[in-house]
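Per numbering that gives the first Met the number 0, the very first residue in the sequence shown carries number 0; after that it's consecutive. We treat Cβ as the ideally placed atom computed from N, Cα and C, and that holds for glycine. Computed from a predicted model, the values in this text were never measured in an experiment.
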Amino acid sequence: MAELRTRFAPSPTGPLHLGHAFSALTAFDLAQSAGGTFLLRIEDIDAPRCRPEWEAAIRADLRWLGLTWPEPVMRQSDRLAAYGAALDRLAARGLLYPCRCTRGDLRAALSAPQEGVPPAGPDGPVYPGTCRHRTMAGAGPQDAIRLDMARAAQITGPLHWTEGCGPLAGPRTASPRDLAAEVGDVILARRDIGTSYHLAVTVDDAAQGITLVVRGEDLAPATAIHVLLQRLLGLPTPAYHHHRLIRDAAGKRLAKRDDARALSLFRAEGASPDDIRRKIGL
Ligand code: GLU
Numbered sequence: 000m001a002e003l004r005t006r007f008a009p010s011p012t013g014p015l016h017l018g019h020a021f022s023a024l025t026a027f028d029l030a031q032s033a034g035g036t037f038l039l040r041i042e043d044i045d046a047p048r049c050r051p052e053w054e055a056a057i058r059a060d061l062r063w064l065g066l067t068w069p070e071p072v073m074r075q076s077d078r079l080a081a082y083g084a085a086l087d088r089l090a091a092r093g094l095l096y097p098c099r100c101t102r103g104d105l106r107a108a109l110s111a112p113q114e115g116v117p118p119a120g121p122d123g124p125v126y127p128g129t130c131r132h133r134t135m136a137g138a139g140p141q142d143a144i145r146l147d148m149a150r151a152a153q154i155t156g157p158l159h160w161t162e163g164c165g166p167l168a169g170p171r172t173a174s175p176r177d178l179a180a181e182v183g184d185v186i187l188a189r190r191d192i193g194t195s196y197h198l199a200v201t202v203d204d205a206a207q208g209i210t211l212v213v214r215g216e217d218l219a220p221a222t223a224i225h226v227l228l229q230r231l232l233g234l235p236t237p238a239y240h241h242h243r244l245i246r247d248a249a250g251k252r253l254a255k256r257d258d259a260r261a262l263s264l265f266r267a268e269g270a271s272p273d274d275i276r277r278k279i280g281l
């Protein structure tokens, strides 16, 4: 059997909180128990929101928790050529088009009375297709790049992957046609950063040989998009484990801005890594 390879892929935009600790420890423990490898990847494509001091703090927190990983780590800001190559492959198959719509254009198109209530997918409202007639030959610096989901659905059959790990693992399937209706033409390259979460995560999980993607269940709706991109790019499909989210006392999901739950604060108050594990049920 192939070696189990998991990863933790934080964006250095704030402090790690208990939810991140849960994700990182789950991925690390699964790799350890199978004699596999746990990798760290820094997802810093959104440069204006990322800071080196957050990355240093993330590394310090993870080391304090007892995690180890091979160096050097992959960082997405070094990977723009790989994302560009993936876009070129998709463009060569006629699956991409440039889009110049602004947020304001989209709001106006989506609230036009004849459109009715816009359907909303995991990426927000489904794009109404204003720029779908355009071709990549006419793409310029003002354009984002979208995936023509209906065209992708024409050339791919049902998507399959495994969700869960151990005895709880089970098959999942999704139809690209449903993605066209429910998710629409996702952005694969934002005009400001030349890539997107969906494209970067798919290309990088494959480049790192990840066999089990461990992440919060808030990202589960993105998985069918990632499996579709793997099919279109000829990349292997890993297994996925979307874990429960750690919530605060009021049941609200923790976010990076909830500094009150930052791991560093528990550390400063004298908590041990085992205290953190107990707090999050590991
Ligand atoms: N970088 C993403 C985050 O910090 C995680 C992406 C993933 O695990 O697929 O939420």
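Collapsed DSSP secondary structure at Val125 in the structure displayed: Position 126 of the sequence shown, counted from the first residue, corresponds to residue 125. Looking at Val125 - three-state DSSP - the assignment turns out to be coil, as it is neither helix nor strand.
query: So the beta strand (DSSP E) Pro97 belongs to, where does it begin and stop?
result: Counted from its first residue, the sequence shown places residue 97 at position 98. Unbroken beta strand (DSSP E) run through Pro97: 95-98.
message: Using a Cβ-Cβ cutoff of less than 6 Å, which residues in the same chain neighbour Gly83 once the five nearest sequence positions on both sides are dropped?
response: Sequence index remark: in the sequence shown, residue 83 carries index 84 (1-based). Around Gly83: no qualifying Cβ.
query: How about Ile245 and Leu17: are their beta carbons less than 7 Å apart?
result: Against the sequence shown, residue 245 aligns to sequence position 246. Against the sequence shown, residue 17 aligns to sequence position 18. Against a cut-off of 7 Å, the Cβ pair of Leu17 and Ile245 comes out as a contact.
message: Using 7 Å as the threshold, is the C-beta distance between Gln75 and Ala199 below it?
response: On the sequence shown, position 76 is the one that residue 75 refers to. On the sequence shown, position 200 is the one that residue 199 refers to. Yes.
- prompt: Okay, do the segment 206-224 and the segment 123-143 touch, 3+ Cβ pairs below 8 Å being the bar?
  reply: no
task: With Val200 as the anchor, note down where its alpha helix (DSSP H) starts and where it stops.
output: Here residue 200 refers to the residue found at position 201 when the sequence shown is read from its first residue. It spans 196-206 - the alpha helix (DSSP H) in which Val200 sits, taken as one unbroken run.
- prompt: At a cut-off of 6 Å, is Glu216 close to the ligand NAD when judged by its beta-carbon and the heavy atoms of the ligand?
  reply: Ligands displayed in this structure: the ligand GLU; the ligand NAD is not among them.
message: Rounding to the nearest angstrom, what Cα-Cα distance links Gly227 and Asp45 in this structure?
response: Position 228 of the sequence shown holds residue 227. Position 46 of the sequence shown holds residue 45. One point to set straight first is that residue 227 is Leu, not Gly, in the sequence displayed. Approximately 23 Å between the Cα atoms of the pair.
task: Examine chain C for any beta-carbon lying closer than 7 Å to the beta-carbon of Ile44, and answer yes or no.
output: Protein chains in the displayed structure number just one, and chain C is not present.
message: Taking the beta strand (DSSP E) that Trp160 belongs to, which residues open and close that run?
response: Mapped onto the sequence shown, residue 160 falls at position 161. First-last of the beta strand (DSSP E) with Trp160: 158-162.
Bridge partners - Val212, DSSP secondary structure assignment: Here residue 212 corresponds to residue number 213 of the sequence shown, with the count starting at 1. Answer is Tyr239.
- request: Please confirm whether any heavy atom of the ligand GLU lies closer than 6 Å to the CB of Pro9.
  value: What you label residue 9 is simply residue 10 of the sequence shown in a count that begins at 1. With a cutoff of 6 Å, Pro9 counts as near the ligand GLU, since its C-beta is closer than that to a heavy atom of the ligand.
- request: Indicate the three-state DSSP secondary structure (helix, strand or coil) for Gly169 in the structure shown.
  value: Mapped onto the sequence shown, residue 169 falls at position 170. DSSP places Gly169 in strand when its eight states are reduced to three.
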